[in-house]
Amino acid sequence: MNYKKNILNLTLILLGGSLSAQTPIDKNATKKTQNLLINLHEISSQGFMFGHQDDQAYGVGWKAEEGRSDVKETAGSFPAVHGWDVGSRLGRESNLDDVRFSNMKMWVKRAYKMGTINTLSWHLDNLTTGTNSWDKTPSVADILPGGAKHSEFVEQLDLLAEMLESMRTTFTKIPIVFRPWHEHNGDWFWWGKGNCTEAEYIALFQFTVDYLKNEKNIHHLLYAFSPDRSRLRLDTLARQNYLYGYPGDEYVDIIGIDNYGDVGRIGGPNTPEEQRENFIESLKLITRIAEEKGKVAALTETGLEGVTRPDWFTEVILNPIKANDDEIDIAWVLVWRNANTTHHYAPYAGHPSVPDFQKFDADPLTYFEKDMDKPYKKGKALRKSGK
Ligand code: BMA
Numbered sequence: 036m037n038y039k040k041n042i043l044n045l046t047l048i049l050l051g052g053s054l055s056a057q058t059p060i061d062k063n064a065t066k067k068t069q070n071l072l073i074n075l076h077e078i079s080s081q082g083f084m085f086g087h088q089d090d091q092a093y094g095v096g097w098k099a100e101e102g103r104s105d106v107k108e109t110a111g112s113f114p115a116v117h118g119w120d121v122g123s124r125l126g127r128e129s130n131l132d133d134v135r136f137s138n139m140k141m142w143v144k145r146a147y148k149m150g151t152i153n154t155l156s157w158h159l160d161n162l163t164t165g166t167n168s169w170d171k172t173p174s175v176a177d178i179l180p181g182g183a184k185h186s187e188f189v190e191q192l193d194l195l196a197e198m199l200e201s202m203r204t205t206f207t208k209i210p211i212v213f214r215p216w217h218e219h220n221g222d223w224f225w226w227g228k229g230n231c232t233e234a235e236y237i238a239l240f241q242f243t244v245d246y247l248k249n250e251k252n253i254h255h256l257l258y259a260f261s262p263d264r265s266r267l268r269l270d271t272l273a274r275q276n277y278l279y280g281y282p283g284d285e286y287v288d289i290i291g292i293d294n295y296g297d298v299g300r301i302g303g304p305n306t307p308e309e310q311r312e313n314f315i316e317s318l319k320l321i322t323r324i325a326e327e328k329g330k331v332a333a334l335t336e337t338g339l340e341g342v343t344r345p346d347w348f349t350e351v352i353l354n355p356i357k358a359n360d361d362e363i364d365i366a367w368v369l370v371w372r373n374a375n376t377t378h379h380y381a382p383y384a385g386h387p388s389v390p391d392f393q394k395f396d397a398d399p400l401t402y403f404e405k406d407m408d409k410p411y412k413k414g415k416a417l418r419k420s421g422k
């Protein structure tokens, strides 16, 4: 009886799905930003890009040296994704990890020109107390409209918009994946669970997007949502649990996850085998949610501090993904920053994990800078094909 209706619904779902899959939430997104999203879909169905936080800014034993990168000096090529952070406070000379904003702009441009992708996170200070992101003093209500610190927050957004505007070449605004208010299901940031209500968090995310897009006319961003795996269930309630604080399909392009707990951390509750299973499950989960919503999934942060397992890149990251690549579609995997010999997540020259990192790079499933072609032109993102 409902046969025709079902067919019609199915057609609409398929059409709607494929259309939304191609379109950023910002209906006025620049052509290159639109193309990037289409390409991210394509990339995620083939393999995944390797990303590194602050890659060009510093590494183990060096800082702001022309053309350097620990990833390049070990794998032979820059990462395909370059992560940056615009905290603690815009308007200062440098960010919270001492990266000068003027340099960051230059490196963002360089990453763009080499055919790679930039993503920004935001460890904004707690504006209520004037201290850092890890100060849990409730602040979200204060910075939302009507709150005592709202104008200070708007000032930060204005400065952010200014910075984003300046991330450009002569003719083009550089498309950027913006990933604000990350790991919000954890309780360690002032925007985290327990430090604000879910409704406040959603309002914060929505206000941020609406303000940049509608008030500041910023149209070269894709927006990423990225809960932390350590506070996520993986059982039958996983989907519902993942969507805690989700601001809605109109506010998110990238379904991300930050996962440090399933990738070899010692001292956690799970055995290495359980971690591996959970790692796979967490990536299947974001793949499913992204697929159902017509979005792109990504492992937005991960890493094993100090890369204390020399075969970490192939055994902990690559092989589990490869063994499940029919159920895992992620556009990138980004490891955190290389601050020093103990706090680093990518190898550096001479580190025991270098040979394995080179194997990881050589695999058809992984993409570094040398594998990227033109990610801002439709259908031309990659030089090598993965799956
Ligand atoms: C953390 C550490 C800190 C750093 C912060 C923001 O994971 O790396 O040292 O300040 O990220 O980048």
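Offset between the sequence shown (1-based) and my numbering: plus 35.
Every residue, glycine too, gets a C-beta built ideally from N, C-alpha and C.
Those residues which DSSP pairs with residue i across a bridge
i    : result
M407 : L417
L334 : I292, V368
G150 : BP columns for G150 are empty, so no partner.
R127 : L125
W119 : L155
Residue i (DSSP reduced to helix, strand or coil)
i    : result
Y402 : strand
S156 : strand
G165 : coil
R135 : strand
L54  : In this prediction, L54 has a pLDDT of 46, which is less than 50 and means its spatial position is unreliable; what the coordinates show is noted afterwards. Residue state, collapsed to three classes: helix.
G94  : strand
P355 : helix
K412 : coil
P114 : strand
K40  : With a pLDDT of only 35 at K40, under the threshold of 50, the placement of this residue in the model should not be trusted, and no figure is reported.
D391 : helix
I363 : coil
P307 : helix
G341 : helix
Y277 : helix
N313 : helix
D177 : helix
D270 : coil
R103 : coil
R300 : coil
K171 : coil
T46  : Confidence in T46 is poor, its pLDDT being 45 and thus under 50, which makes the residue's placement too unreliable to answer from.
E285 : coil
A384 : coil
D396 : helix
V325 : The sequence as given places Ala at residue 325; Val does not occur at that position. Note: A325 maps to helix in three-state DSSP.
T349 : helix
T377 : coil
Residue from the options with nearest C-alpha to residue i
i    : options                : result
N130 : P114, M84, M198        : M198
W169 : T154, S104, W225, Y258 : W225
P173 : E233, G122, K419       : E233
A64  : W371, Y258, T401, L320 : Y258
V72  : M139, I365, R323       : In the sequence under discussion, the amino acid at residue 72 is Leu, which differs from the Val named in the question. The option with the nearest alpha carbon to L72 is I365.
Q57  : I321, V331, L194, Y236 : V331
E190 : A397, I178, P399       : I178
V116 : M139, K419, F403       : F403
H76  : A176, I363, E308       : I363
A273 : K248, N220, E350, E250 : N220
Q69  : Y246, K208, G86        : K208
D391 : V351, D360, I356, W367 : V351
L320 : G303, W142, W347, D360 : D360
T204 : R145, T306, H185       : R145
T271 : I211, S317, E235       : S317
P399 : Q81, I60, N74, L256    : Q81
F188 : W142, K171, F240       : F240
E285 : T243, E308, N313       : T243
D193 : T164, I152, E250, N354 : E250
E235 : F395, G181, S201       : G181
F206 : E101, N305, K148, T349 : K148
P355 : V95, F314, I289, P387  : F314
D133 : K357, A99, A397, D297  : A99
Q86  : N153, R214, G385, K357 : One detail in the question is off: residue 86 reads as Gly in this sequence, not Gln. Minimum Cα distance to G86 is reached at N153.
Proximity test, Cβ basis, 8 Å: residue i and chain C
i    : result
L272 : The structure shown has no chain C; it contains just one protein chain.
Next on the checklist: Can you confirm whether the segment 360 to 379 touches the segment 331 to 344 when touching is taken to mean that 3 or more C-beta pairs between the two stretches lie within less than 8 Å?
Outcome noted: yes
Item to check | beta strand (DSSP E) runs wholly inside the segment 179 to 266, at least 3 long, in chain order | outcome: 211 to 214, 256 to 260
Next on the checklist: Extract the residue ranges of the alpha helix (DSSP H) inside the segment 57 to 92, only unbroken runs of 4 or more that lie entirely within it.
Outcome noted: 66 to 81
Next on the checklist: Is it the case that the segment 289 to 307 contacts the segment 261 to 279, given that we only count it when at least three CB pairs across the two stretches are under 8 Å?
Outcome noted: yes
Next on the checklist: Across the segment 277 to 288 and the segment 84 to 98, are there enough close Cβ pairs to call them in contact, namely three or more that are closer than 8 Å?
Outcome noted: no
Checklist entry - Counting Cβ pairs, one atom from each stretch, are 3 or more of them under 8 Å apart for the segment 118 to 126 and the segment 144 to 164? => result yes
Checklist entry - If we count Cβ pairs, one from each stretch, closer than 8 Å, do we get three or more for the segment 359 to 374 versus the segment 403 to 417? => result no
Item to check | Contact the segment 95 to 114 vs the segment 319 to 329: 3+ CB pairs below 8 Å | outcome: no
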